[in-house]
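For reference, the structure discussed in these notes is given below.
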Amino acid sequence: MSDLYFKFNEMNLQLQGEDTELRDNVEEARADIDYMSDLYFKFNEMNLRLQRDQLNLIKVKTVVTAFIGKLAIFGQNLGRGEYRQFPNLNDFKENGGLPDDVVRSFCDHLSMLHEDMCERYKDILSMMIPDWVLDQFTSLAGVEVTYQEELIEMQANEELKPKIKGGYTSFWLQQEIRQLYPRLWNVAKKFLIPFPSSYLVERGFSAVTGLLGKKKPPTDSEARRPEITPDDYRAGRG
């Protein structure tokens with residue numbers, strides 16, 4: 001997407017002094033290019049976080065929940081005229097201004113994207129992680145009766161306390177944890193299983209490309225210029 005952005009700028013410069021109508025049509029498409037380049041950059045950031053080593057369900061939920069929350073904020077901020085979270089779009093705004101109908105179309109797209117991501121990742125978003133998995137010495141309040149006895153025994157084990165400093169993953173992966181507290185281990189291990197990042201990345205990109213292909217009511221500005229399709233964006237990445 002960044003390649004397309006730079007190629008677009010080069011083409012725009014080459015058209016200076018050329019066919020006025022063609023140059024104007026290209027310039028009107030600039031807002032879309034800027035918006036999409038910024039949006040793809042944000043998706044790429046999320047995908048990179050989902051490709052880190054030792055990815056597990058807990059880390060996945062953290063990344064996905066944060067990104068979906070950001071989508072909601074992005075739309076709200078654009079709606080009130082705050083563009084700094086979209087650097088390329090912000091530059092375009094400062095250099096020439098953005099029609100209100102174009103901004104509304106971006107806000108609508110972000111709202112649609114937020115809803116779509118919530119649906120795609122609903123299994124991860126709805127996943128409940130017991131407090132004691134992350135904080136082994138948490139209060140017993142709210143802990144299921146099934147796990148209370150083992151949790152009390154584990155919290156009373158003075159030899160285990162220093163080992164918490166290594167983080168929850170290394171703590172639960174100790175052999176003695178599995179042997180001494182099998183019920184707790186059977187729950188905790190489900191959240192520690194390495195998660196295939198490619199699965200999440202494909203989900204994320206399919207959400208973006210799918211929504212790019214969805215039709216939205218044309219704005220006044222869009223009605224005056226040639227349509228730019230998802231294929232055009234993808235072609236620019238080649």
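If you count the sequence shown from 1, position 208 lands on 208 in the UniProt record's numbering, and the numbers rise without skipping.
Glycine included, C-beta positions come from ideal geometry on N, C-alpha and C.
Backbone CA spacing between residue i and residue j [nearest angstrom]
i	j	result
ASP135	GLN179	20 Å
ASN44	ILE129	27 Å
ALA156	TRP185	17 Å
GLU153	TYR181	8 Å
ARG52	PHE195	10 Å
ARG30	LYS59	36 Å
LYS161	THR138	13 Å
PHE189	LEU48	Residue 189 is actually Lys in this sequence, not Phe. Computed Cα separation, rounded: 24 Å.
GLU176	ILE164	14 Å
LEU50	LEU173	22 Å
ARG183	GLU94	59 Å
Residue i classed as buried or exposed, judged by whether at least 16 other C-beta atoms fall within 10 angstroms
i	result
LEU140	exposed
PRO217	In this prediction, PRO217 scores a pLDDT of 46, lower than 50, which makes its location untrustworthy; the coordinate-derived value is nonetheless stated afterwards. Looking at its Cβ environment, which holds fewer than 16 other Cβ atoms inside 10 Å, PRO217 is exposed.
ILE193	exposed
LEU89	buried
VAL103	buried
ILE73	exposed
Residue i: first and last residue of the uninterrupted alpha helix (DSSP H) it sits in
i	result
GLY75	57 to 79
ARG104	100 to 120
ILE152	145 to 155
SER139	Neither: SER139 is in no alpha helix (DSSP H) and is coded neither H nor E.
Other residues of its chain near residue i: CB distance less than 6 Å, five sequence neighbours each side excluded
i	result
VAL64	TYR121, ILE124
residue 277	In this structure the chain extends from 1 to 238, so residue 277 is not present and cannot be described.
Beta-carbon contacts of residue i that lie in its chain and below 7 Å, excluding the five residues immediately before and after
i	result
VAL143	TRP132, LEU151
ASN77	GLN85
MET127	LEU57, LYS61
SER111	GLY75
PRO87	ASP38
Cβ neighbours of residue i in the same chain (closer than 8 Å, five flanking residues each side left out)
i	result
THR169	GLN54, ASN56, LEU192
ASP34	TYR5, PHE86, ASN88, LEU89, ASP91, PHE92
Among the options, nearest to residue i - alpha-carbon criterion
i	options	result
SER37	ILE73, ASP91, VAL187	ASP91
GLN148	CYS118, ASP116, VAL187, LEU39	VAL187
THR70	GLU115, GLY97, GLY96, GLU176	According to the sequence displayed, residue 70 carries Lys and not Thr. Answer by Cα proximity: GLU115.
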